[in-house]
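Single-structure report; data block below.
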Amino acid sequence: MMAGRLTATFHDYYADLVRYLTRRTGDAGRASDIAQETYVRIASSEADMSAVENDRAYLYRVAGNLAVDSLRREYRQSTWLSGEEPGDDLVDPAPSPEQVAIGRDDLRRLDAVLDGLPPKARLALLLFRVDGLSHAEIAARLGVSSSMVAKYIGQALRHCRDAMWQDQ
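Residues in the sequence shown are numbered consecutively from 3, following this note's numbering.
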């Protein structure tokens, strides 16, 4: 019988409740929907309502909680449907299978392009870019001048650029 008492309170304060929910949500239509959901919740409640001392306060508490749930649900849905990138906590940092396949293909192409270089130009480029050696260190290893190392690296970079652009 307590649910009957709460539904009577709901009917008595319906207009005030909708105004309250409109202020909370900023939307009269949503406020009406939440008021409807509040009615369903209290009318179908099988809980022991003898502990409810203030029917109006209980009604507003249920409606307020439903309003918060509705706003949270809308926020989550708008984030999911907005096309924005999800937060870092939802994104797998590993590359996608497509990215892995593209990366492997690019690596194979680059390896083939590097194989087409003269041996000293290839070695100079790899020592400079991969090992991080200076021109003087590379010159000492190859037994050539620093300016020749610069020419080898320039030749290798032009060859790689031209070959990679040609394949696209």
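We put the beta carbon where it would ideally sit given N, CA and C, even for glycine. Since we're looking at a predicted model, the values are computed, not measured.
Under 7 Å, do Val-20 and Ala-33 count as touching if we go by C-beta distance?
yes
Hey, Arg-124 and Leu-135 are a contact pair by Cβ (cut 8 Å); roughly how many whole angstroms apart?
No, Arg-124 and Leu-135 are not in contact; Cβ-Cβ is about 14 Å, not under 8 Å.
Using a Cβ-Cβ cut-off of 6 Å (strictly less than) and excluding sequence neighbours within five positions of Val-151, which residues of its own chain qualify?
Ala-126, His-137, Ile-140 and Ala-141
Is Ala-65 closer than 7 Å to Val-40 when the C-beta atoms are compared?
It should be noted that the sequence gives Thr, not Val, for residue 40. A distance below 7 Å separates the beta carbons of Thr-40 and Ala-65.
Which of the three DSSP states, helix, strand or coil, is assigned to Val-20?
helix
Whole-angstrom distance between Ala-96 and Gly-28, CA atom to CA atom:
41 Å
Buried or exposed for Tyr-77, please, with buried defined as at least 16 other CB atoms from any protein chain shown within 10 angstroms of its CB.
exposed
Relative to the alpha-carbon of Tyr-60, which residue among Arg-7, Leu-129 and Asp-133 has its alpha-carbon at the smallest distance?
Arg-7
For Met-3 and Arg-63, I'd like the C-alpha separation in whole angstroms.
Here Met-3 scores only 44 on pLDDT, less than 50, and its place in the model should not be relied on; the value that follows carries that caveat. Computed Cα separation, rounded: 20 Å.
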